[in-house]
Amino acid sequence: MKKTQTIVLNESKTVVGRILPGVDLMEGIHQMCKENNIQFGVVGAVLGSLSRGCIVYAIPDEDNSMGIGYSEPTHFDGPLELLCCQGIVGKDEDGKFQIHLHGLMGDKNLRIIGGHFVPNENKILATAEVMIQAVEEAEFIRKYDKETGFSLFHFIQR
């Protein structure tokens, strides 16, 4: 059984910038990609603060072939320290822009919270400093994966 799916990338551009207060985290990343003509890429670093955070996280699910599912969205009131994020930007099979973003937040009690960020639910407090590496030599297409039962990115060399 195949263990990985990989492609080799030799050329890319890197974009760095800030997402301003009040803007949603994923909306800001989408805007950075749009302004810089990034269709496929890697969100390599994000740090800053959130006034509100929302994630989903893995939970047991006996109905899924992999034995996992995802929680309902869980909200956290800020201020929250946005400790790190990383993810993939690409498209779905219909060509719609997709972001798959994981990260860690810290609250005022020094509790660390992590999972998948939920779109339109993570507002920037002071700033989010972002680095995105564009990928020109491949397409990242999110589609249903029969083996796992989830929509996952598939990587296609151009």
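Position 85 of the sequence shown, counted from 1, bears residue number 114 in this note's numbering, the numbering being contiguous throughout.
No residue lacks a Cβ here, since even glycine has one placed at the ideal position from N, Cα and C.
On a predicted model such as this, the values are computed, not experimentally measured, just so you know.
Selection from the options that minimises the alpha carbon distance to residue i
{"i": "E168", "options": "K42, I48, I58, G70", "result": "G70"}
{"i": "D106", "options": "G82, G119, L133", "result": "G82"}
{"i": "T151", "options": "G178, P102, L139, I67", "result": "A small fix is needed here, since residue 151 is Asn in this sequence, not Thr. Among G178, P102, L139, I67, the Cα nearest to that of N151 belongs to P102."}
{"i": "K156", "options": "G98, P50, S80", "result": "Looking at the sequence provided, one finds Thr at residue 156 rather than Lys. That would be P50, whose Cα lies nearest to the Cα of T156."}
{"i": "M160", "options": "V75, D121, I48", "result": "V75"}
{"i": "G143", "options": "M95, H131, N149, I48", "result": "H131"}
Spatial distance of residue i from residue j (CA atoms)
{"i": "R187", "j": "I117", "result": "17 Å"}
{"i": "M61", "j": "G46", "result": "8 Å"}
{"i": "I67", "j": "F184", "result": "16 Å"}
{"i": "G178", "j": "E56", "result": "27 Å"}
{"i": "I58", "j": "K125", "result": "15 Å"}
{"i": "C114", "j": "D174", "result": "24 Å"}
Residue i, DSSP secondary structure in three states
{"i": "Q60", "result": "helix"}
{"i": "Q34", "result": "Its pLDDT being 48, under 50, Q34 is placed unreliably in this model, and the coordinates cannot settle the point."}
{"i": "M95", "result": "coil"}
{"i": "L54", "result": "helix"}
{"i": "K172", "result": "strand"}
{"i": "E158", "result": "strand"}
Every unbroken alpha helix (DSSP H) within the region 70-134, with a cutoff of 4 residues, ordered by chain: none
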